[in-house]
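Working notes, structure below.
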Amino acid sequence: MRSKLWRSSLFGLSMFVAGAVVATAAAPLWRVGLTAIFQDEYATLTYRCDYAMRDHLIAKQRLDQEPSTKNVEALRSMEIGLISCQDYDLLRKRLIQWGLSENDLSEMSLVAIEERAKNLADVVQIHEIRY
Amino acid sequence: MKFGINLALAAAIVGMLPLAVMADSMRDNVLRQAIIRSGLIPFEETHVEVPADLVRAGQKLFQSRELSFDRQTACASCHVDRFGSADGLANAVGTGGQGEGMARLAGGGDIIPRNTLPFWGRGSQGFNLFFWDGKVDATSGTIHSQFAGHEPSTDPLVVAAHLPPVEVGEMVADAAHNDHLEGESVEAAQAVYDQLVARIAARPDLGPDLAAARGKSVDELEFIDVAEGLAAFIRTNFRLEANRLHDFAFGDEVLDDKELAGGLIFYGKGRCSACHNGPYFTDFQFHAIATPQLGFGKNGFGIDYGRYNVTLRDEDRHHFRTPPLWNVAKTAPYFHSGSVSASKTPSVSTSIRWQDCRPTQ
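From first to last, the protein sequence lines are chains A and B.
Under the working numbering, the letters of the first sequence match residues 846 to 976, in that order.
Under the working numbering, the letters of the second sequence match residues 154 to 514, in that order.
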């Protein structure tokens, strides 16, 4: 009876250890899989949001420098354009909910930004501060 | 294990649902407000009522080749229902043309070097600027046209209806026997009008109805009566009606995801509504847009100066009136020379799909 109980406990412990090992090994795989599946969509939405934010800023500056009805309308259009950033935010939240970390998402953003970087000149062009 | 994964995924999806629903609802509201702020009004408010008997008489004239000096073309030859009241061609085919659509192009005839404009909303409330180059322009409250102060009517649509029947190549054959009509003088035009009116008056299926609608005898008919009849028909037959877009803005119509996304681009970062606004999706202004020129061009050798041909002001070169977009899904190809077909241009086709204004009935 005691031996049966001991064997059962050992089996339970083994299963727990095996589960922990599998979970530990599977977590990065899960993250890599998610990243691979959503990289394209994430890159597209990152681009769209970035584009919309820059356009919005330009429209605001233009209105500040040249107040006119036309420029007010342009700013309103760009405000609607910012809805692209909501798509980006929703995907971020979904991916975090499914287990990706902020670091994983940052890496996806970097991949998106540097997607076409083939050499150092491209990398410099992407990262240098221009004014 | 599998059950656990499924449960986790289901929980994640359910957890995201409220966010997605809120986002959709917000987008609907933003788009609805943008449409209304951009000037769309209930379609009934654009209507101009005209006598029904004049509309009926005008319809017969619209379909009759008697309005063409050489009896080769009717208004209906190039303004065809199945092409959304345009002709489905890049450049119109005037006198000498046979059939509709590509058959008309293949059949020969005089090429009119511009894309045929559809008629939706023409002559309705506030629609006071006509043709690609705005050669009939009443936006200032005074009509400016080729009649140069001697306009036959205070109604710009009636003035516009006077022009195609005297346009060489359009409804007057570009042939040696018509050389004396090439001068573009009011006298030459009047000679054509007189002959057309005499012809129409003599037709028992056209003259008596038009005369009765105008409260005249057949002998008293003038070309202004013909133009009034045509204008009445165009104004009524092509007036705006309810469609899904309208019902979304003012009713409870639901747009699908693609339409919603297209609409947000149209009023958002695409900035299409900067020019395509108001009840007719046009600002009634002239703009130079980088579109390819197709065909010989109004000014020859692939050149069309557009608005410049009317004003002769240098800054108006290559400017064209912002085209209205009602029923635009049916009126391809697009732009002043018809050089863009929706199917081959993604940015255009997105807007076109969104702007597909098919009537709901």
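The beta carbon of each residue, even a glycine, is placed where N, CA and C say it ideally should be.
{"Check": "Let's test the definition: count the other Cβ atoms within 10 Å of the Cβ of B:G415 and tell me whether it reaches 16, buried, or not, exposed.", "Outcome": "buried"}
{"Check": "Between B:Y487 and B:F280, which are expected to be in contact by the criterion C-beta below 8 Å, what is the C-beta distance as a whole number of angstroms?", "Outcome": "Not quite, the Cβ-Cβ distance comes to about 19 Å (not below 8 Å), so this is no contact."}
{"Check": "In the DSSP assignment, find the unbroken alpha helix (DSSP H) run with A:R937 in it and report its ends.", "Outcome": "928-942"}
{"Check": "Hey, would you say B:C231 sits closer than 7 Å to B:D223, going by beta carbons?", "Outcome": "no"}
{"Check": "Just tell me which of B:A245, B:E198, B:M179, B:Q186 has its CA closest to the CA of B:F449.", "Outcome": "B:A245"}
{"Check": "Quick check: B:I194 and B:A402, are their CB atoms within less than 7 Å of each other?", "Outcome": "no"}
{"Check": "Does the region 210-226 of chain B come close enough to the region 462-474 of chain B that 3 or more CB-CB pairs lie under 8 Å?", "Outcome": "no"}
{"Check": "Going along chain A, which residues have a C-beta under 7 Å from B:G516?", "Outcome": "As shown, chain B starts at 154 and ends at 514. That puts residue 516 of chain B outside it, with no answer to give."}
{"Check": "If you draw a straight line from the C-alpha of B:R388 to the C-alpha of B:A314, how long is it?", "Outcome": "11 Å"}
{"Check": "Mark B:G262 as exposed unless 16 or more other C-beta atoms lie within 10 angstroms of its C-beta, in which case mark it buried.", "Outcome": "buried"}
{"Check": "Look at the Cβ atom of A:G926, then the Cβ atom of A:D900, and state whether they are nearer than 7 Å.", "Outcome": "yes"}
{"Check": "Could you check the C-alpha separation between B:S492 and B:A443 for me, to the nearest Å?", "Outcome": "11 Å"}
{"Check": "Measure how close the beta-carbons of B:D457 and B:S490 come, nearest whole angstrom, since I'm counting them as under 8 Å.", "Outcome": "6 Å"}
{"Check": "So, is A:Q970 buried or exposed, given that buried needs 16 or more other C-beta atoms within 10 angstroms?", "Outcome": "exposed"}
{"Check": "Quick one: give me the first and last residue of the alpha helix (DSSP H) that B:T389 is part of.", "Outcome": "376-390"}
{"Check": "If we count the other Cβ atoms within 10 Å of its Cβ and call it buried at 16 or more, is A:W851 buried or exposed?", "Outcome": "exposed"}
{"Check": "Since A:L902 sits in a beta bridge, which residues does DSSP pair it with?", "Outcome": "The partner list for A:L902 (beta bridge, DSSP) is empty, contrary to what the question assumes."}
{"Check": "Taking the alpha-carbon of B:D358 as reference, which of B:F196, B:A210, B:T199 has the nearest alpha-carbon?", "Outcome": "B:A210"}
{"Check": "Give the interface partners of B:A187 over in chain A, defined as CB-CB distance under 9 Å, in chain order.", "Outcome": "R921, S922, I925"}
{"Check": "Is the number of C-beta pairs between the region 403-412 of chain B and the region 336-343 of chain B that are closer than 8 Å three or more?", "Outcome": "no"}
{"Check": "B:R424 touches chain A at which residues, Cβ-Cβ below 7 Å?", "Outcome": "A919, S922"}
{"Check": "Closer than 7 Å, CB to CB, is B:L408 near chain A or not?", "Outcome": "no"}
{"Check": "Anyone know if the C-beta pair for B:P309 and B:V289 falls short of 7 Å?", "Outcome": "yes"}
{"Check": "In the DSSP output, which residue or residues are listed as bridge partners for A:Y896?", "Outcome": "Paired residues: none, contrary to the question."}
{"Check": "Please report how far the alpha carbon of A:L858 lies from the alpha carbon of A:V867, in whole angstroms.", "Outcome": "14 Å"}
{"Check": "Can you round the beta-carbon distance between B:L393 and B:G274 to whole angstroms, since I take them to be within the 8 Å contact cut?", "Outcome": "5 Å"}
{"Check": "Residues of the region 225-259 of chain B in Cβ contact with chain A at a cutoff of 9 Å, in chain order, please.", "Outcome": "none"}
{"Check": "Spatial neighbours of B:K369 within its chain, please: C-beta separation below 8 Å, excluding the five flanking residues on both sides.", "Outcome": "D378"}
{"Check": "Which word fits B:H303, buried or exposed, when buried means at least 16 other C-beta atoms lie within 10 angstroms of its C-beta?", "Outcome": "exposed"}
{"Check": "Are the Cβ atoms of A:L955 and A:L890 separated by less than 7 Å?", "Outcome": "no"}
{"Check": "Leaving aside the five residues before and after B:C428 along the sequence, list all residues of the same chain whose C-beta is less than 8 Å from its C-beta, in chain order.", "Outcome": "T435, D436, Q438, H440, T475"}
{"Check": "Please report whether the beta-carbon of A:D934 lies at a distance below 7 Å from any beta-carbon of chain B.", "Outcome": "no"}
{"Check": "Identify, in the order they occur along the chain, each residue of the same chain with its Cβ nearer than 7 Å to the Cβ of B:A342, setting aside the five sequence neighbours on each side.", "Outcome": "V319"}
{"Check": "Would B:L417 count as contacting chain A if we go by Cβ distances under 7 Å?", "Outcome": "yes"}
{"Check": "To the nearest angstrom, report how far apart B:L478 and A:L945 are at their CA atoms.", "Outcome": "45 Å"}
{"Check": "Nearest to B:G421 by alpha carbon, out of A:S929, A:I882, A:Y887?", "Outcome": "A:S929"}
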